Amino acid sequence: MLVSLEWLKDYVSTQGLAPEELAEKITRSGIEVDAVIDRASGMDKIVVGYVVSKEKHPEADKLNICQVDVGEEAPQQIICGAPNVDAGQKVIVARPGAHLPGGIKIKKAKLRGHESNGMICSLQELGIEGKVVPKAYAEGIYVLPADAEVGADALALLGLRDTVLELGLTPNRSDALSMLGVAYEVGAILSEEVKYPEIAYSTSSDKAEDLLKLRVEDLQANPMYVAKVVKNVKIAESPMWLQHRLMAAGVRPHNNVVDVTNYILMEYGQPLHAFDYDSLATGEIVVRKATEGEKITTLDDQERTLKASDLVITNGKEPVAIAGVMGGANSEVTASTTTVVIESAYFDGLTVRQTSRNLGLRSDASARFEKGVDPNRVVPAAERAAALLAELAGGEVLEGTCIVDELDKTPARVVVSPDFINERLGMKISLEDMLSILERLKFGVEAANGLLIIDAPTRRQDIKIEEDIVEEIARLYGYDEIPMTLPEGANQVGQLTAYQANRRVVRNYMEGAGLYQAVTYSLTSEALSQRFALKAEPVTRLLMPMSEERSTLRQSLIPHLIEAAAYNVARKADSVALYEVGSVFLGQTAEGLPFEEEHVAAVLTGKWLDHAWQGEKKEVDFFVLKGIIEGVIGKLGLTERITFVKAEVAGLHPGRTASILLDGEQVGIIGGLHPAEQKAWGVKDTYVMEMNLVALLQANASEAPLGYKPVPRFPAMSRDIALVMNRATTAGEVVTIIRSAGVKLLKDIKVFDVYEGEKMEAGKKSVAFSLTYFDPERTLTDEEVVAAHNKVLKAIATIEGTEVR
């Protein structure tokens, strides 16, 4: 909300406070002032000029040589390139030495051999945003009224000798979305009375109800509708004071009728709409729900398709406006309009919000209806509009008002005790101070039987419960006055849950291993949503996605990690190692929401080691990533429960992919990208993994303290064994069978060589294992090791197609 202080002073005294001081008081009372904008900051020597004559520049087709009277003895020659400059105009002139926004200083200059003593200015050159400049002057200079005094201060004439406060309003403070609402707030802070604008006009002998029939079919969505009829209006530009107040509020002026409705929107916070009576054609207004698929072209020239839940204003036959959102192009006020119907209504906020969301259309009106407008301002706003149209457009207001009124305007009543307020605030505020604050806020209040009986004004739609009153008293009394106290009661040391602590262990290990954490979008395209998923579930699509690339909740972390790696590779980062801990979204819960599950994933590409000084380089491969996974598993104490089994996953290399099993159940995948996938993503050898972090951490949910194993005092003994086996037999299967032999002295098994050369029999391979035997209590003898090793050999003999070399 932009608040012009000069405009605000029409309703409440600011006691001559400096804008910064007033802004500080408003902020301390609970409404944050985001900015204090001096509209004339840094500008000077800008005056009203009169264009005496205009001639084409002999050396430039788009330039004009103007003689301009600026209130001195002789006119000044100014070169101007604006297409709309002409003799006889009153214009804005920046004299030599003048300063304009952006650090621009005006100097005498020569343009194509002709002297120019200043500049004829547009509104944009005075720092006014182009989006609020009247369309007639958007591409040229601004023409001042004929009665503007030559040589006078143009900034004062344009209302720029003003300060605007930009308020950062929270959604509950819809009352401050109007000048009167802000006036009440300032009045409460400074103990000043609020003055409403006077409403006075004469009416014609014709009656509004004779020209206009009104019917509301849905009183729940539209419990109150007010229409005033004004005839013989003359469409023209609004007076300067009105235009520049609107521009200060961030609203573009159009014409006197439309500007009046926008002015009252800003003044009262009550949205209005003006219909061309003749365009209605039927002399009737009917408010009803739309029929499914019904269409209307709105004021922004967009055709919109309506739903049966949308509320529309019709002429009894077809829609002429979308209730509370935007008017229709078929009934807008034009230059030929002579009779105007002013609409002021109370529309249900939920209905307006749903319609606005359905259509993807948000307006100043819908923003206010959604939050709730003051039901007691609906009629005064219409009366104020009628009075201004009579004054500014020469209109005749018809006698009476067309009205449907089933709206409950009873103020919300809150009963609270002073003790309740003081207990919540932790301080002692006297009853007299409480009553004073509530009276300054213009709340109806009565003290009886130790209680405060409070009737909140209808403009304050946010006051509903006792705590709302506590907040009002606290903010006006002064948050700075609330004493600082230490909390009382039993203290408890906070700590991480076992899940949180173990998740931190996973993150610390991944970063310690050299991977960087990534945070990617939870939303992806439908095509990628199930790519690499551990288990495919029905996808969840957004109702109104920003784009197709962000339309569906992901079921795997891998695609976005590959995308991040490809992005970095494309920017000459030849080696990338990323991991992510994040949620995937699977199926639906009983409440109809997707089930959220936390996973950990990683991507590696490029070099894993690159030690130039030692001449050591190592490309990433399957076993680098497998080693990282085994390190994580080891940290979680799950090494004995995890196995890797060869698998096939769409998009991964068929010979370099494995499923990760926890107690025989799949909890993850690891593999290299298929060459076709690598080409599609624009990367070289790339390896990925993803694991169900919830399953892993729940399997390690124990909070038992860490154990300690002493350094071994006795030596271990090792035996190497080379096996010739079928190529289809994996080393992991052999390790599992060896362990199943139950040799207690066997502590470790490692693969140290694999050979599949031309000297091997077709379909065979040679795999060498190193077996470590150890007893922590004594030194082993050769006989004991031989006996244990023989048990291993017997187990190996059971593997089909396997023999010891």
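Quick note on UniProt numbering: the sequence shown kicks off at 1 and runs consecutively.
Positions of the beta carbon are idealized from the N, C-alpha and C atoms, including for glycine.
Since the structure is predicted, the reported quantities are computational estimates derived from the model, not experimental observations.
Mapping the DSSP letters down to three states, classify residue i as helix, strand or coil.
{"i": "residue 808", "result": "Nothing can be reported for residue 808, as the shown portion of the chain is limited to 1 through 805."}
{"i": "residue 369", "result": "helix"}
{"i": "residue 172", "result": "coil"}
{"i": "residue 791", "result": "helix"}
{"i": "residue 568", "result": "helix"}
{"i": "residue 708", "result": "coil"}
{"i": "residue 5", "result": "helix"}
{"i": "residue 639", "result": "helix"}
{"i": "residue 687", "result": "strand"}
{"i": "residue 436", "result": "helix"}
{"i": "residue 295", "result": "strand"}
{"i": "residue 420", "result": "helix"}
{"i": "residue 259", "result": "helix"}
{"i": "residue 562", "result": "helix"}
{"i": "residue 675", "result": "helix"}
{"i": "residue 475", "result": "helix"}
{"i": "residue 27", "result": "helix"}
{"i": "residue 455", "result": "strand"}
{"i": "residue 699", "result": "helix"}
{"i": "residue 468", "result": "helix"}
{"i": "residue 666", "result": "strand"}
{"i": "residue 57", "result": "coil"}
{"i": "residue 484", "result": "coil"}
Check whether the Cβ atoms of residue i and residue j lie closer than 8 angstroms to each other.
{"i": "residue 276", "j": "residue 333", "result": "yes"}
{"i": "residue 342", "j": "residue 274", "result": "yes"}
{"i": "residue 256", "j": "residue 392", "result": "yes"}
{"i": "residue 225", "j": "residue 287", "result": "yes"}
{"i": "residue 96", "j": "residue 104", "result": "no"}
{"i": "residue 8", "j": "residue 182", "result": "yes"}
{"i": "residue 79", "j": "residue 53", "result": "no"}
{"i": "residue 441", "j": "residue 472", "result": "yes"}
{"i": "residue 207", "j": "residue 399", "result": "yes"}
{"i": "residue 92", "j": "residue 121", "result": "yes"}
{"i": "residue 76", "j": "residue 51", "result": "no"}
My guess is that residue i and residue j are in contact by the Cβ rule of under 8 angstroms, so how many angstroms apart are they, rounded?
{"i": "residue 316", "j": "residue 339", "result": "So it is not a contact: roughly 17 angstroms between Cβ atoms."}
{"i": "residue 14", "j": "residue 22", "result": "6 angstroms"}
{"i": "residue 142", "j": "residue 123", "result": "5 angstroms"}
{"i": "residue 163", "j": "residue 245", "result": "No, residue 163 and residue 245 are not in contact; Cβ-Cβ is about 14 angstroms, not under 8 angstroms."}
{"i": "residue 561", "j": "residue 520", "result": "7 angstroms"}
{"i": "residue 786", "j": "residue 771", "result": "Rounded, the Cβ-Cβ distance is 12 angstroms, inconsistent with contact."}
{"i": "residue 364", "j": "residue 269", "result": "With 8 angstroms as the limit, residue 364 and residue 269 do not qualify as a contact, their Cβ atoms being about 10 angstroms apart."}
{"i": "residue 351", "j": "residue 311", "result": "5 angstroms"}
{"i": "residue 100", "j": "residue 109", "result": "Contact flag wrong, Cβ pair sits at about 14 angstroms."}
{"i": "residue 745", "j": "residue 777", "result": "That belief does not hold up - the Cβ atoms of residue 745 and residue 777 are roughly 11 angstroms apart, past 8 angstroms."}
{"i": "residue 454", "j": "residue 413", "result": "7 angstroms"}
{"i": "residue 172", "j": "residue 462", "result": "4 angstroms"}
Taking the alpha-carbon of residue i as reference, which of the options has the nearest alpha-carbon?
{"i": "residue 536", "options": "509, 519, 588", "result": "588"}
{"i": "residue 656", "options": "261, 622, 58, 155", "result": "622"}
{"i": "residue 664", "options": "686, 736, 726", "result": "736"}
{"i": "residue 356", "options": "268, 139, 325, 205", "result": "325"}
{"i": "residue 534", "options": "671, 415, 574, 479", "result": "671"}
{"i": "residue 218", "options": "245, 719, 772, 407", "result": "407"}
{"i": "residue 459", "options": "176, 524, 578, 466", "result": "176"}
{"i": "residue 575", "options": "541, 558, 617", "result": "617"}
{"i": "residue 765", "options": "747, 729, 751, 516", "result": "729"}
{"i": "residue 431", "options": "477, 411, 32, 401", "result": "477"}
{"i": "residue 46", "options": "152, 641, 24, 131", "result": "152"}
{"i": "residue 85", "options": "237, 74, 75, 55", "result": "55"}
{"i": "residue 817", "options": "538, 18, 799", "result": "Because the chain in this structure spans residues 1 to 805, residue 817 falls outside the shown range and cannot be described."}
{"i": "residue 204", "options": "232, 279, 801, 465", "result": "232"}
{"i": "residue 235", "options": "247, 58, 253", "result": "253"}
{"i": "residue 401", "options": "34, 228, 614, 668", "result": "228"}
Are the C-beta of residue i and some C-beta of chain B separated by less than 8 angstroms?
{"i": "residue 169", "result": "Here chain B cannot be found, since the structure has a single protein chain."}
Please give the ranges of any beta strand (DSSP E) in the segment 735-767, keeping only runs that are unbroken, at least 3 residues long and fully inside the region. 746-755
Entirely within the segment 376-412 and at least 3 residues each: give me those beta strand (DSSP E) ranges in chain order. 396-399, 402-405
Quick one: which unbroken alpha helix (DSSP H) runs of 4-plus residues sit fully inside the segment 308-375? Chain order, please. 349-359, 364-371
Along the chain, which unbroken stretches of the beta strand (DSSP E) at least 3 residues long are found entirely within the segment 573-658? 576-586, 595-605, 607-611, 616-619, 642-646
Taking only runs of the beta strand (DSSP E) that begin and end inside the segment 105-145, which ones reach a length of at least 3 residues, in chain order? 109-111, 114-116
Which runs of the beta strand (DSSP E) spanning at least 3 residues fall entirely within the segment 487-569, listed in chain order? Considered as a whole, the segment 487-569 harbours no complete run of any beta strand (DSSP E) with no fewer than 3 residues.
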